[in-house]
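Participant: I am attaching a structure below and will ask some questions about it afterwards.
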Amino acid sequence: MSENLLEVRNLTKHFTLHGDFVSRMAGKSQTLKAVDGINFAIKSGETLGLVGESGCGKSTVGRTVLRLLEPTDGKIEVEGTDITTLDKPSLRDFRREMQIIFQDPYSSLNPRMTAGGIVEEMLRVHGIGTPAERKERVAELFERVGLRKAQLESFPHEFSGGQRQRIGIARALALNPSVIIGDEPVSALDVSIQAQVINLLMDLQAELNLSYLFIAHDLAVVEHISHRIAVMYLGKIVEYTDKKTLFTNPQHPYTEALLSAVPVPDPTIKRKKTILQGDVPSPIKPPPGCHFHTRCPYAEERCKVEEPALKEISPGHTVCCHLR
Ligand code: SF4
252 MSENLLEVRN LTKHFTLHGD FVSRMAGKSQ TLKAVDGINF AIKSGETLGL VGESGCGKST
312 VGRTVLRLLE PTDGKIEVEG TDITTLDKPS LRDFRREMQI IFQDPYSSLN PRMTAGGIVE
372 EMLRVHGIGT PAERKERVAE LFERVGLRKA QLESFPHEFS GGQRQRIGIA RALALNPSVI
432 IGDEPVSALD VSIQAQVINL LMDLQAELNL SYLFIAHDLA VVEHISHRIA VMYLGKIVEY
492 TDKKTLFTNP QHPYTEALLS AVPVPDPTIK RKKTILQGDV PSPIKPPPGC HFHTRCPYAE
552 ERCKVEEPAL KEISPGHTVC CHLR
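Offset between the sequence shown (1-based) and my numbering: plus 251.
Put into structure tokens, the structure is as follows:
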């Protein structure tokens with residue numbers, strides 16, 4: 252059996268956009284290629300950081316892996332079982348294995364429920380335990396994520412942003428999952444709180460052997476927690492390797508640009524500065540050839556017409572660029 256807990260092959264999620272009334276009447280539609288044939292794997296107890304600017308498709312990856320969105324193509328395997336084609340009842344069992352922590356802890360928590368009720372609901376919906384057992388489990392979870400039992404009856408608005416994210420983590424842990432997808436779980440928090448939440452996630456990983464797909468728009472955020480990192484641009488993975496290699500020897504110009512925005516704690520270490528020009532182009536009409544050529548400082552004529560393939564340039568290090 253594969254040593255990978257989660258394996259994703261050729262994952263594709265396209266959306267058909269029907270546009271305005273006139274376009275609909277004319278039968279015209281457009282395809283938004285949010286995720287366009289990506290591959291990655293996560294081992295037990297490992298964190299894969301998935302990084303890219305807003306609009307690159309990384310959140311769609313998280314939701315499609317969980318089948319909150321149906322994939323257009325590709326395969327998602329959890330512990331060797333293909334969940335891509337599972338029917339709803341079987342998928343429900345697998346949902347226990349995979350949970351999600353959302354970016355905005357406030358909007359992801361029901362404001363009319365108590366914090367304890369929000370976490371308990373996960374257990375209730377899955378028919379786990381008696382009411383007394385559930386209460387006990389929720390109290391344990393609260394303690395485990397650094398909340399007090401006295402806060403069980405408080406409502407989401409009574410908590411700080413960091414505490415609300417701890418409620419989200421307790422909810423994600425309730426069913427003892429093996430994989431947690433963090434969809435920008437710390438992006439809405441202050442930097443000091445970000446570090447606390449990341450440390451909590453790392454402690455939980457060590458204790459419970461959890462695997463994480465940690466989605467972020469900033470390499471600095473994933474540096475501490477990730478074992479491997481995949482960099483995404485316009486629906487595709489453009490570089491994929493272990494954390495150390497990515498930070499010391501980035502090979503894709505987009506990775507280089509994202510890295511140049513990460514502060515270096517040692518002033519004697521100089522990092523090459525690459526400033527990205529403009530925004531991510533529309534995924535409805537991505538640039539031809541290499542999708543990055545409109546912003547790449549090394550672009551050549553060939554890059555405008557020929558799409559580069561993802562190549563393994565050294566064991567475990569893949570890059571999608573004509574120059575590599
Ligand atoms: Fe830049 Fe060309 Fe490489 Fe694309 S293929 S990243 S445009 S050098």
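Just so it is clear, CB atoms sit at the ideal spot from N, CA and C, and this is done for glycine as well.
#1: Identify the continuous alpha helix (DSSP H) that holds F353 and give its terminal residues.
#2: Suppose contacts are defined by Cβ-Cβ distances below 9 Å. Is A481 in contact with L299 by that definition?
#3: Consult DSSP for H408 and reduce its assignment to one of helix, strand or coil.
#4: Q416 by DSSP, collapsed to three states: which one?
#5: Any heavy atom of the ligand SF4 within a distance shorter than 8 Å of the CB on F345?
#6: Going by beta-carbon coordinates alone, are A285 and F266 separated by less than 9 Å?
#7: To the nearest whole angstrom, what separates the beta carbons of Q227 and C572, a pair I think is in contact under 8 Å?
#8: Give the DSSP-derived three-state secondary structure of Y505 in the structure shown.
#9: Look at M483 and I327 and say whether their C-beta atoms are less than 9 Å apart.
#10: Drop a sphere of 10 angstroms on the beta-carbon of A560, count the other beta-carbons inside from all chains shown, and report buried for 16 or more, exposed for fewer.
#11: If you count every other CB in all the chains shown that lies within 10 Å of the CB of E258, and 16 or more means buried, which is it?
#12: Tell me whether P537 counts as near the ligand SF4, meaning its Cβ is closer than 8 Å to at least one heavy atom of that ligand.
#13: For a test of your reading of the model: does the CB of P362 fall under 8 Å from any non-hydrogen atom of the ligand SF4? Yes or no.
#14: How would the residue list near the ligand SF4 read, in chain order, if you kept each one whose beta-carbon is closer than 5 Å to any heavy atom?
#15: Starting from the C-beta of G313, find all residues in its chain whose C-beta is less than 7 Å away, skip the five residues before and the five after it, and write them out in chain order.
#16: What's the gap between the Cα of L283 and the Cα of L342?
#17: In whole angstroms, what separates the C-alpha of R260 from that of S411?
Facilitator: Per the coordinate set shown:
#1: Unbroken run through F353: none, as it is neither H nor E.
#2: Yes, they are a contact pair.
#3: helix
#4: helix
#5: no
#6: yes
#7: Residue 227 lies beyond the stretch modelled for the chain, which goes from 252 to 575, so this question has no answer here.
#8: The answer is helix: DSSP assigns Y505 an H, G or I state.
#9: No, the pair does not count as a contact, with Cβ atoms beyond the cut-off.
#10: exposed
#11: buried
#12: no
#13: no
#14: P504, C541, F543, H544, C547, Y549, A550, C554, P559, C572, H573, L574
#15: Excluding its 5 nearest sequence neighbours in each direction, G313 has C-beta neighbours in its own chain below 7 Å: I351, I432, D434, L464, I466, listed in chain order.
#16: Annotation: L283 to L342 spans about 26 Å, alpha carbon to alpha carbon.
#17: Each residue's CA atom was taken as its position, placing R260 and S411 some 39 Å apart.
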